[in-house]
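Reading through the structure tokens given below for one structure.
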Amino acid sequence: MGVEGGANMNYLTTSNSSEPFTNYDGMKGWNIGIPIGYRFFDWLTLQTAPTYIQKNYDIVRTGFFTGVYQKNYNTYLSLPVSLRFSFGGKELRGFVDLGGYAAYWASGRIKGVEANILNEDDTAYETVNPTGILGENYGYSYNQSYTFNSTKDNRLELGLIGGLGVSYEFRQTYTFYVEGRYFRAMTDQEKHYEISQAPRYNDNFGVILGATVEVKKIVSTLFKKHSRS
Amino acid sequence: MKKAILVWAMGAVVLLAGCRKTISSTPEATSYPGDNYPDIFQSFWNGMNTNYVFWGIDTTNWDNMYTVYKPKFDQLTIFDSAHEALAEQYFQQMTQGLIDSHYTLEFMLTGNGFSPSEYRKLQTDPNYFTDSAFPAAVLDSLIPAKYIDRSSLHIGTDTVDLEGSSEPFTAVSGTINGNILYLYFSAFAFSQAGANTTPVFDYFFTTLRSGIPALKGIIIDLRGNGGGEVSDLDVLVGQLTTAQYTFGYTRYKNGVNRLDYTPWAPAVVKPWVGGSVNVTEPVVVLADHLSVSMSEITTMAIKNLPNGNGKFIGTRTWGANGPLASSVYFDGGQFTIGSAAFGPSGYMFVYTSSSMFKYINGDIYEGVGVPPDIYARETNAAYLAGDDLVVDAALKYIGQ
Chain X
32 MGVEGGANMN YLTTSNSSEP FTNYDGMKGW NIGIPIGYRF FDWLTLQTAP
82 TYIQKNYDIV RTGFFTGVYQ KNYNTYLSLP VSLRFSFGGK ELRGFVDLGG
132 YAAYWASGRI KGVEANILNE DDTAYETVNP TGILGENYGY SYNQSYTFNS
182 TKDNRLELGL IGGLGVSYEF RQTYTFYVEG RYFRAMTDQE KHYEISQAPR
232 YNDNFGVILG ATVEVKKIVS TLFKKHSRS
Chain R
-2 MKKAILVWAM GAVVLLAGCR KTISSTPEAT SYPGDNYPDI FQSFWNGMNT
48 NYVFWGIDTT NWDNMYTVYK PKFDQLTIFD SAHEALAEQY FQQMTQGLID
98 SHYTLEFMLT GNGFSPSEYR KLQTDPNYFT DSAFPAAVLD SLIPAKYIDR
148 SSLHIGTDTV DLEGSSEPFT AVSGTINGNI LYLYFSAFAF SQAGANTTPV
198 FDYFFTTLRS GIPALKGIII DLRGNGGGEV SDLDVLVGQL TTAQYTFGYT
248 RYKNGVNRLD YTPWAPAVVK PWVGGSVNVT EPVVVLADHL SVSMSEITTM
298 AIKNLPNGNG KFIGTRTWGA NGPLASSVYF DGGQFTIGSA AFGPSGYMFV
348 YTSSSMFKYI NGDIYEGVGV PPDIYARETN AAYLAGDDLV VDAALKYIGQ
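Chains X and R, in that order, give the protein sequences.
Following our numbering, the numbering of the first sequence begins with 32 at its first residue and continues without gaps.
Following our numbering, the numbering of the second sequence begins with -2 at its first residue and continues without gaps.
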């Protein structure tokens, strides 16, 4: 077992073709987890890592509507289960992770600016061609907790994990690794509550640094020392 | 063993990778060809699904409308008058329960229109529009002749453009009993005031700023006012206060699914940039069942004046509170379908709010109207007897 953490880039994959001048952009986040594994063979480890992970994305309006946006900060408590296939030398090894995960959407925060229709810029009266919507309506800036809607929000996310990395094993007890990991949500972020609903999936790409210690070896070392004394 | 695990793992990946739903690209309602009835139905249904801003509170089962009416539109094979009559009937049936009280369907092939809120009001009360003497008769004769001090009377009518149609724009101002300031106007179109109505507004605002000795109150008469430009909120109410305040909230769509909304943004009145007065005397707003949209928003704004001196006297208003703008502004609201086949005006124009309004107390009056603080309604009998019962109620409240 050990500890791992890193940075990620999350994208919300959806359809917004009927929203003109609107982009869904990726956003950075971070994650931290506690990896626990059981090594069946040198080349195969079953592992899990209860993880706190952010899956953020940004809704950005463009053109005349530039300045209007909403950053969505979403926190998930994730429980991945994967198989690690290792290959290479004794100390420096490559590995591939394959598995799945279940995650609970624990909280959300939204931060943004929206044009406020009932807060007009009074001087726009005399402005012939405002250069943007925020020249007509004052923007309303917000930074608040996201209120979940039980009809709409699907707080249980299931998905796949794929990872590729290298590890360094020190004294056959300590392992340090760096990994590129992809979390692909297979479940919609929204419940199915209407016909013709546009699904929304998180796609999360991360770089993770981790360190583990082989508990079995530590215990047996301690046990040997204890026996000698 | 090694091979078996690898095969199993790869198989699981492939299996799960196929589990995502297809993300189809739903086009804007305006992008459909619209050259046949099934296509028009699809674009209308999708346009409503995406652009209608009240799905969070409207009880209409829109999925059920798809199930019931799609087969009916599939039966309409050609454009002719019989099929068109059926199509319009179906669209009306689909929308007659919608709470958006701005909502109107305009059928461009026939020139017909349909307003669900008007339909429901007439179902409830066939005399909804005819049993009131207001506004024309009362304003043409009663108020100027009986209530307004003759020396202060200012009255005028211009023609203004309200959403593409020319409308008469009438305004009346003056004092009552020398110490109450009165203003009536038929629509929110201050920026279009012409030679005849500008002096009416100038008198009201100049008198407001210069002060009336022993001013006892202000009456703003919005009865029969069909609404208009949002910018007039600060021009009018913003001159009655020197402090910015919040009187409600608006929210918009921010996604293509029905329940994708922005947070609530405060609806504010700001002191007018041209000057304002800290009015402490009672400000009475008169509104009625024919007060719509901006006149309802203004009524709620006056009720919440910071000095607590606003009062609404009249009857429950129409119930169209969600402000409108072009759909591109707020990712929701009005849209046209069938433009590719029928030209820029399309087959049908769907007039609907861009935003949902919530009053400061948390109530949403869309579809139900703003209730008065003090009920008063003009009647034909009172009019013929030379009385405006609503102005009388206002004068009584102010203490005349």
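No residue lacks a Cβ here, since even glycine has one placed at the ideal position from N, Cα and C.
query	result
Near-chain X residues of the stretch 211 to 229 of chain R (beta-carbon distance less than 9 Å), N- to C-terminal order	Val227, Ser228
Segments assigned beta strand (DSSP E), at least 3 residues, entirely inside the stretch 285 to 338 of chain R	307 to 311, 332 to 334
Test: Ile239/X CB closer than 7 Å to a CB of chain R	no
Continuous alpha helix (DSSP H) stretch holding Val347/R: start and end	Looking at the DSSP string, Val347/R is not in any alpha helix (DSSP H); the run it does join, the beta strand (DSSP E), is 345 to 348.
Minimum Cβ-Cβ distance from Ile20/R to chain X less than 7 Å	yes
8 Å Cβ cut-off: residues of chain R touching Asn150/X	Ala262, Pro263, Ala264, Val265, Lys267
Short-range partners of chain R found in the stretch 153 to 179 of chain X, where Cβ spacing is below 8 Å	Asp153, Thr154, Ala155, Tyr156, Ile164, Tyr171, Tyr173, Gln175
Residue-level contact to chain X via CB, Glu25/R, 7 Å cutoff	yes
Cβ distance (whole Å) where Asn62/X is taken to contact Tyr83/X below 8 Å	6 Å
Beta carbon of Thr172/R nearer than 7 Å to that of Thr154/R	no
Selected residue, minimal CA-CA separation from Ala379/R, among Asp389/R, Ile209/R, Ser351/R, Tyr372/R	Asp389/R
Chain R contacts from the stretch 76 to 99 of chain X (Cβ-Cβ distance under 7 Å)	Ile90
Counterpart residues of His151/R in DSSP-defined beta bridges	Ser170/R
Beta-bridge partners of Thr107/R, as assigned by DSSP	The partner list for Thr107/R (beta bridge, DSSP) is empty, contrary to what the question assumes.
Proximal residues of chain R, C-beta to C-beta of Asn235/X below 9 Å	By Cβ distance, chain R contributes nothing, its closest Cβ being about 14 Å from Asn235/X, past 9 Å.
Contact set between the stretch 238 to 254 of chain R and chain X, restricted to residues whose Cβ is under 8 Å from the partner	Gly245, Thr247, Tyr249, Asn251, Gly252, Val253, Asn254
Ile215/R versus Phe198/R - alpha carbon distance	14 Å
Collapsed DSSP secondary structure at Tyr42/X in the structure displayed	strand
Proximal residues, the stretch 83 to 105 of chain R versus chain X, C-beta separation under 9 Å	none
Beta-carbon spacing of Thr121/R, Gly110/R below 7 Å	no
Beta carbon of Tyr249/R nearer than 7 Å to that of Phe327/R	yes
Under 9 Å (Cβ pairs) to chain X, residues found in the stretch 321 to 346 of chain R	Leu321, Ala322, Ser324, Val325, Tyr326, Phe327, Asp328
Contacts of Asn47/X in chain R (Cβ-Cβ under 8 Å)	Gly252, Val253
Selection of the stretch 43 to 69 of chain R by Cβ proximity to chain X, strictly under 9 Å	Asn43, Gly44, Asn46, Thr47, Asn48, Trp52, Gly53, Trp59, Asp60, Tyr63, Thr64
Listed by chain order, chain R residues near Arg225/X by CB distance under 8 Å	Reading off the sequence shown, one finds Glu at residue 225/X, where the question assumed Arg. Chain R residues near Glu225/X: Asn46, Trp59, Asp60, Asn254, Arg255.
Closer than 8 Å at the beta carbon, the chain R residues around Phe52/X	Val325
Where Tyr100/R sits in the DSSP three-state scheme	coil
Cβ of Pro111/X within 7 Å of any chain R Cβ	no
Cα-Cα separation, Tyr179/R to Gly224/R	19 Å
Contacting residues, own chain, Cβ-Cβ under 7 Å from Gly175/R (five flanking each side not counted)	Asp146
Three or more C-beta pairs below 8 Å linking the stretch 273 to 290 of chain R and the stretch 314 to 326 of chain R	yes
Met45/R versus Gly343/R: straight-line alpha-carbon distance, rounded	16 Å
One or two residues paired with Lys102/X in a DSSP bridge	Asp89/X, Lys142/X
Terminal residues of the beta strand (DSSP E) in which Phe201/X lies	187 to 201
Beta-carbon proximity list for Leu114/X, same chain, < 8 Å, skipping 5 on both sides	Leu75, Thr76, Leu77, Gln78, Asp128, Leu129, Gly130
Classification of Phe118/X by the beta-carbon crowding that lies within 10 angstroms, buried from 16 upward	exposed
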